[in-house]
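**Q** Per the working numbering, the very first residue in the sequence shown carries number 867; after that it's consecutive. All C-beta atoms in this analysis are idealised placements derived from N, C-alpha and C, irrespective of residue type, glycine included. One structure is given below, represented as structure tokens, and several questions about it will come after.
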Amino acid sequence: MDAVIEPEFSESFSDELARIAEEPLAHRAEGFAQLEQELRRRLDDSTR
Numbered sequence: 867m868d869a870v871i872e873p874e875f876s877e878s879f880s881d882e883l884a885r886i887a888e889e890p891l892a893h894r895a896e897g898f899a900q901l902e903q904e905l906r907r908r909l910d911d912s913t914r
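Next comes the structure, spelled out in structure tokens:
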């Protein structure tokens, strides 16, 4: 679980959310889907 809540991950997550929010609406769903996949991967890795 530590890999999910590391300060550097929190910063990159925040930066990524800001970047996605600036994208045209049509592109946001793809950005959020990719971010969700990354979060799920990190969570899976941290629970192994």
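Arg914 lies in the alpha helix (DSSP H); which residues open and close that run?
**A** What you label residue 914 is simply residue 48 of the sequence shown in a count that begins at 1. Looking at the DSSP string, Arg914 is not in any alpha helix (DSSP H), and its letter there is neither H nor E.
**Q** Do Glu889 and Gly897 have their C-beta atoms closer together than 8 Å?
**A** Translated into positions along the sequence shown, residue 889 becomes position 23. Translated into positions along the sequence shown, residue 897 becomes position 31. Their beta carbons are under 8 Å apart, which means Glu889 touches Gly897 by this criterion.
**Q** Expressed to the nearest angstrom, what Euclidean distance is found between the alpha-carbon atoms of Arg894 and Arg914?
**A** Here residue 894 is taken as the residue at index 28 of the sequence shown, counted from 1. Here residue 914 is taken as the residue at index 48 of the sequence shown, counted from 1. Spanning the two alpha carbons is a distance of roughly 31 Å.
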